[in-house]
Amino acid sequence: MDLKIDVDGRRLPMRDNAITLGNLGDGYHEIRIYREVKRNNGRFGRAKDELLFNQRVYLRRGHHLDVTVNRFGKVFTDERRIDYKEDWYREEDDRYNDRPFDNRDYRDNRDQRDTRFENGFSKAMTQRDFDQVKQTLQKEWFENSRLTSAKFIIENNFFTTQQVKELMQLFSFDDKKLDIAKTAYRKTVDKNNYYLCMEMLTFSSNKEELARFIRESR
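The end of the sequence shown is residue 217 by numbering that gives the first Met the number 0, with every number in the run present.
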């Protein structure tokens with residue numbers, strides 16, 4: 000299976016159907032993956048690019064994001080925190096960036112490490128990262144697109160109730176605020192305070208629905 004990839008509108012060369020990019024900034028990136036499908040037409044064969052993957056992915060600072068295409072053409076994404084002390088990372092860093100491992104890289108990255116888990120308990124997104132998320136979402140012109148992006152971010156992070164309230168503030172319509180509140184509940188670290196999210200809703204029917212959702216989710 001011959002693959003082709005576009006990242007942020009640029010077609011990038013692949014070797015053996017693999018590519019590693021080490022210079023992408025954190026934030027959203029447009030990724031399209033195609034496979035070349037050969038079609039027979041008489042004596043001559045034609046090749047056509049079939050779109051396998053077309054999605055905006057969010058690249059978090061201090062993380063790897065792997066996009067894998069299996070032999071059946073199914074695409075999977077997987078995120079992993081970068082640990083600069085691992086031998087695997089040092090070998091990959093030397094191979095693709097052609098520079099030796101420098102312990103300063105790890106020291107500079109300590110404040111950006113993944114703090115979602117500590118001693119078995121989930122931790123909320125740091126305020127610095129959360130501010131960047133809000134800035135990114137505010138750049139979305141359409142609320143439907145903003146909602147899709149917000150849900151993707153919620154699925155991959157943990158939040159405080161206050162942070163969820165601030166996410167809800169990014170939306171004008173009550174139904175979308177309610178959708179955010181429901182989506183973020185299981186990814187919130189202080190669920191005892193979650194009733195405060197009802198303050199962000201305008202209609203009493205939506206407040207009652209959120210209260211019922213919280214009771215049933217416990």
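The beta-carbon is built from N, C-alpha and C at its ideal position, and this holds for glycine as well.
Exercise. Check whether the region 129-142 touches the region 166-174, taking contact to mean three or more Cβ pairs, one atom from each stretch, closer than 8 angstroms.
Key: yes
Quiz item: Buried or exposed: N96, going by 16 or more other Cβ atoms within 10 Å of its Cβ?
Solution: Because the pLDDT at N96 is just 42, under 50, the model does not fix this residue reliably, and the value given afterwards should be weighed accordingly. Exposed is the call here.
Quiz item: So is F71 buried or exposed if we call it buried at 16+ other beta carbons inside 10 Å?
Solution: exposed
Practice problem: Use the C-beta contact count for A183: other C-beta atoms within 10 angstroms, 16 or more gives buried, fewer gives exposed. | Solution: buried
Exercise. Round the Cβ separation of L51 and Y27 to the nearest angstrom and send it over; I've been treating them as touching at under 8 angstroms.
Key: Actually they do not touch by this definition, with Cβ atoms about 20 angstroms apart.
Quiz item: Do Y57 and F151 have their C-beta atoms closer together than 7 angstroms?
Solution: yes
Quiz item: Can you list, in chain order, the residues of its chain whose CB lies under 7 angstroms from that of N192, leaving out five sequence neighbours each side?
Solution: T160
Quiz prompt | DSSP state of A17 mapped onto helix, strand, coil | solution = strand
Quiz item: How is E78 classed by DSSP in three states: helix, strand or coil?
Solution: strand
Quiz item: Just to confirm, are L136 and D173 a CB contact at a threshold of 7 angstroms?
Solution: no
Practice problem: Give the single residue among N69, T19, N53, I30 whose Cα lies nearest to the Cα of H63. | Solution: T19
Self-check item: Bounding residues of the beta strand (DSSP E) (the contiguous stretch that carries R185)
Solution: Element bounds for R185: n/a, residue is neither H nor E.
Quiz prompt | D128 - containing alpha helix (DSSP H), residue span | solution = 126-137
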